[in-house]
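Going down the list, the protein sequences come from chains A and B.
Here the first sequence stands for residues 1 to 252, numbered as in the UniProt record's numbering.
Here the second sequence stands for residues 1 to 253, numbered as in the UniProt record's numbering.
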Amino acid sequence: MNAKLSIEGVSKRFKDKLVLEKIDIDIMDGEFVCVVGPSGCGKTTLLRIIAGLEEPSEGNILLEGREINGPSPDRGMIFQEYSLFPWKTVRKNVSFGLEIDNMPREEINRTVEKYIKMVGLSGFEEHYPNEISGGMKQRVAIARALAKDPFVFLMDEPFGSLDAQTRNMLQDELLSIWEKTQKTIVFVTHSVDEALYISDRVAVMSANPGRITKIIDVNVERPRERTDLKIMRERKEILDLLEVELKKLLIR
Amino acid sequence: MGHKFRERKYVIEISSLVTFLVAWELVARFLIKSEIKLPTLSSTILALFGGGYKLIFDIGISMLHLSIGLSLAILIGILIGSLMGWFKIGSRIGDPIMELLRPIPPLAWIPFAIIWIGLNHQSAGFIIFIGAFFPILTNTYTGFKNVPPILIESAKVLGCNNGTKLIRHVALPSSLPFIVAGIRISVGVGWMCVVAAEMFGVSYYGLGTWLWQYYALHQMNKVMAYMIVLGLIGLAMDRCLRFLERRASKGEM
Ligand SMILES: Nc1ncnc2c1ncn2[C@@H]1O[C@H](COP(=O)(O)OP(=O)(O)OP(=O)(O)O)[C@@H](O)[C@H]1O
Ligand SMILES: [Mg+2]
Numbered sequence: 001m002n003a004k005l006s007i008e009g010v011s012k013r014f015k016d017k018l019v020l021e022k023i024d025i026d027i028m029d030g031e032f033v034c035v036v037g038p039s040g041c042g043k044t045t046l047l048r049i050i051a052g053l054e055e056p057s058e059g060n061i062l063l064e065g066r067e068i069n070g071p072s073p074d075r076g077m078i079f080q081e082y083s084l085f086p087w088k089t090v091r092k093n094v095s096f097g098l099e100i101d102n103m104p105r106e107e108i109n110r111t112v113e114k115y116i117k118m119v120g121l122s123g124f125e126e127h128y129p130n131e132i133s134g135g136m137k138q139r140v141a142i143a144r145a146l147a148k149d150p151f152v153f154l155m156d157e158p159f160g161s162l163d164a165q166t167r168n169m170l171q172d173e174l175l176s177i178w179e180k181t182q183k184t185i186v187f188v189t190h191s192v193d194e195a196l197y198i199s200d201r202v203a204v205m206s207a208n209p210g211r212i213t214k215i216i217d218v219n220v221e222r223p224r225e226r227t228d229l230k231i232m233r234e235r236k237e238i239l240d241l242l243e244v245e246l247k248k249l250l251i252r
Numbered sequence: 001m002g003h004k005f006r007e008r009k010y011v012i013e014i015s016s017l018v019t020f021l022v023a024w025e026l027v028a029r030f031l032i033k034s035e036i037k038l039p040t041l042s043s044t045i046l047a048l049f050g051g052g053y054k055l056i057f058d059i060g061i062s063m064l065h066l067s068i069g070l071s072l073a074i075l076i077g078i079l080i081g082s083l084m085g086w087f088k089i090g091s092r093i094g095d096p097i098m099e100l101l102r103p104i105p106p107l108a109w110i111p112f113a114i115i116w117i118g119l120n121h122q123s124a125g126f127i128i129f130i131g132a133f134f135p136i137l138t139n140t141y142t143g144f145k146n147v148p149p150i151l152i153e154s155a156k157v158l159g160c161n162n163g164t165k166l167i168r169h170v171a172l173p174s175s176l177p178f179i180v181a182g183i184r185i186s187v188g189v190g191w192m193c194v195v196a197a198e199m200f201g202v203s204y205y206g207l208g209t210w211l212w213q214y215y216a217l218h219q220m221n222k223v224m225a226y227m228i229v230l231g232l233i234g235l236a237m238d239r240c241l242r243f244l245e246r247r248a249s250k251g252e253m
């Protein structure tokens with residue numbers, strides 16, 4: 001099976017600082033991969049490079065075997081911070097990417113309605129971003145990216161700033177969207193529990209410079225339980241890896 | 001109680017205004033006793049409504065001058081402001097020139113306005129343009145400079161990938177509250193310039209033109225009446241633009 005997304009020897013330097021060093025990972029079609037690692041290890045930078053918002057200093061990103069060239073809607077991105085257009089309603093935010101493409105009006109309306117419904121925001125179409133909660137904002141961002149029907153979905157700690165309950169709910173909703181749409185997802189998170197609950201594989205990163213130290217398969221069938229004992233072994237392994245990282249950071 | 005409160009809401013404001021007007025009338029009538037030094041309120045009101053349609057023409061022509069100056073200022077101010085805010089090189093090219101021109105009082109341009117353009121509506125418009133231009137320029141510049149990078153990147157990953165589209169769909173709407181605020185300031189400054197711009201007989205009608213004419217004829221109650229009209233129109237325009245400004249900052253435009 002060929003990889004949907006190949007990251008080949010990607011390094012990134014900001015001035016003299018080496019932030020990412022030789023990142024290598026192949027991600028399969030429809031796979032859900034999580035990236036965990038300590039703060040500042042370069043997770044956002046890696047995602048931005050995949051999105052085409054940042055150039056790698058070395059290495060290549062291949063999407064379906066072709067090298068990427070700048071940002072493009074075939075790689076949808078959900079940012080760590082809120083990123084909705086504050087002057088547009090929920091509906092207009094979701095339709096933005098379609099209107100740019102001059103898609104016919106009826107088709108836009110149909111698509112927008114479908115994805116707003118998929119993220120559970122029917123009835124909020126005419127609200128402005130400052131009138132809805134943080135969790136709802138991230139759902140709009142998800143719908144906005146989904147509407148462009150990307151090959152790969154890049155998510156940078158999308159639920160990081162939400163309370164635990166909302167977070168759990170959105171994880172489940174994301175999983176059901178993933179099952180429905182069969183998208184390939186790269187999901188960055190701080191939370192090992194989140195990573196083990198939602199993903200097929202977890203890439204564990206270390207800091208200074210950012211490297212992938214280990215890729216762990218989560219061989220637990222879905223639907224999973226958050227407290228599944230089968231996950232515990234992986235959980236301990238990742239936490240141990242991260243603890244080593246944390247100690248390294250503290251010693252420095 | 002809430003009802004009573006609402007009823008009384010403007011009691012103080014209205015009594016304050018009425019007291020001021022009555023005091024004006026009394027002071028003018030019994031203390032100053034000179035229609036030239038201080039016309040009474042009653043003769044001012046008579047002057048306001050006694051001139052027939054002429055007042056309407058004067059307002060119309062002054063509005064014409066304001067519109068010429070303002071529309072030029074909006075067009076050129078937004079154009080240059082956005083170029084300076086969007087492109088790094090733009091502000092480096094524009095800044096030295098703008099910093100040099102900005103401190104020159106608009107009225108100091110009057111001699112050149114007359115020589116370059118002549119005694120006509122356009123030349124009055126030009127003076128008002130000078131006054132109205134800089135607030136719009138500065139605000140547009142600030143707006144464009146402060147477009148949140150995350151919004152630009154969001155637009156890029158959604159396929160909005162060329163400069164023109166980014167300016168039109170992201171930078172411009174994001175800067176709109178700044179721009180509208182700039183326009184409101186400009187209307188105020190431009191309106192102040194109207195009286196001086198019309199001072200040199202650029203047109204037969206005009207609030208400024210006739211303010212000076214009546215002064216020359218020593219009809220000070222008419223001068224006072226025109227001052228009040230200038231003030232009321234300025235107030236009304238400011239209120240309208242405040243309303244637009246609130247809407248723009250809420251994103252409802
Ligand atoms: N544009 C930039 N210029 C210089 N340094 C940068 C830039 N962007 C990121 N960095 C540096 O690169 C390192 C990695 O940053 P990055 O944001 O990718 O980390 P992260 O893993 O996403 O952290 P967090 O978990 O806190 O979000 C940091 O040390 C940061 O200071
Ligand atoms: Mg980050």
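Glycine is no exception: its CB is placed at the ideal position from the N, C-alpha and C atoms.
Interface with chain B (7 Å Cβ-Cβ cutoff): Pro73 (chain A) is included.
Residues of the segment 47 to 73 of chain A that bring their beta carbon within less than 9 Å of a beta carbon in chain B comprise Arg48, Ala51, Gly52, Leu53, Gly70, Pro71, Ser72 and Pro73, in sequence order. In the DSSP assignment, the residues bridged to Met205 (chain A) are A:Ile212. If you measure from each CB to the nearest heavy atom of ligand 1, the residues under 5 Å come out as A:Phe14, A:Val19, A:Ser39, A:Gly40, A:Cys41, A:Gly42, A:Lys43, A:Thr44 and A:Thr45. Nearest Cα to Thr45 (chain A) within the set A:Ala207, A:Lys92 and A:Arg91: A:Ala207. Residue environment for Asp24 (chain A): exposed (fewer than 16 other C-beta atoms within 10 angstroms of its C-beta). According to DSSP, residue pairing for Glu67 (chain A) in a beta bridge involves A:Leu62.
For the segment 135 to 166 of chain A, the set of residues with a beta-carbon nearer than 9 Å to any beta-carbon of chain B comprises Ala141, Arg144, Ala145, Ala147, Lys148, Pro150 and Leu154, in chain order. The beta carbons of Val36 (chain A) and Ala195 (chain A) sit closer together than 7 Å. Across the structure, Arg201 (chain A) and Glu153 (chain B) are spaced so that their CA atoms are roughly 28 Å apart. For a Cβ distance threshold of 7 Å, nothing in chain B lies close to Phe187 (chain A): the least Cβ distance comes to about 16 Å. Contact annotation: Ala225 (chain B) and Ala47 (chain B) have beta-carbon atoms nearer than 7 Å.
Of the residues assessed, Gly190 (chain B) falls on the buried side of the cut-off, its CB having 16 or more other CB atoms within 10 angstroms. As the crow flies, the alpha-carbon of Val244 (chain A) is around 33 Å from that of Glu173 (chain A). One finds Ile150, Glu153 and Ser154 in chain B with Cβ atoms closer than 8 Å to the Cβ of Phe79 (chain A), taken in chain order. In the same chain as Leu151 (chain B), and ignoring 5 residues on each side of it, the C-beta atoms closer than 7 Å to its own belong to Val170 and Ser174, in chain order.
Between Leu146 (chain A) and Val192 (chain A), the C-beta gap is not smaller than 7 Å, which leaves the two residues out of contact. The continuous stretches of alpha helix (DSSP H) do not include Arg226 (chain A), and DSSP gives it neither H nor E. Set against 6 Å, the gap from the CB of Gln80 (chain A) to the closest heavy atom of ligand 2 is smaller. At a cut-off of 7 Å between beta-carbon atoms, Ser83 (chain A) makes contact with chain B. In this structure, Asp156 (chain A) lies away from Leu53 (chain A), with their beta-carbon atoms at least 7 Å apart. In summary, Phe49 (chain B) is exposed, with fewer than 16 beta-carbon neighbours lying within 10 Å of its beta-carbon over all protein chains present. The segment 108 to 165 of chain A is shown to contain whole alpha helix (DSSP H) runs of 4 or more residues at 134 to 146, in chain order. Closest in alpha carbon position to Leu230 (chain B), among B:Arg247, B:Asp95 and B:Trp210, is B:Trp210. Contact note: Phe96 (chain A) reaches chain B through Leu158, using a C-beta cutoff of 7 Å and chain order.
Taking CB atoms only, Ile100 (chain A) has a neighbour in chain B less than 7 Å away. A direct Cα-to-Cα measurement between Arg91 (chain A) and Pro158 (chain A) gives close to 20 Å. The C-alpha of Glu25 (chain B) is placed about 14 Å away from the C-alpha of Ser16 (chain B). In chain order, Asp58, Ile61, Ser62, His65, Ala124, Val194 and Glu198 place their CB closer than 8 Å to the CB of Gly206 (chain B), counting only its own chain and leaving out the 5 sequence neighbours on each side. Exclusion of the five residues before and after Gly90 (chain B) leaves Leu83 and Met84 as the residues of its chain whose Cβ lies within less than 6 Å of its Cβ. At the C-beta level, Leu38 (chain B) and Ile32 (chain B) come within 7 Å of one another.
Where Thr189 (chain A) is concerned, there is no enclosing alpha helix (DSSP H), although the beta strand (DSSP E) around it starts and stops at Thr184 to Thr189.
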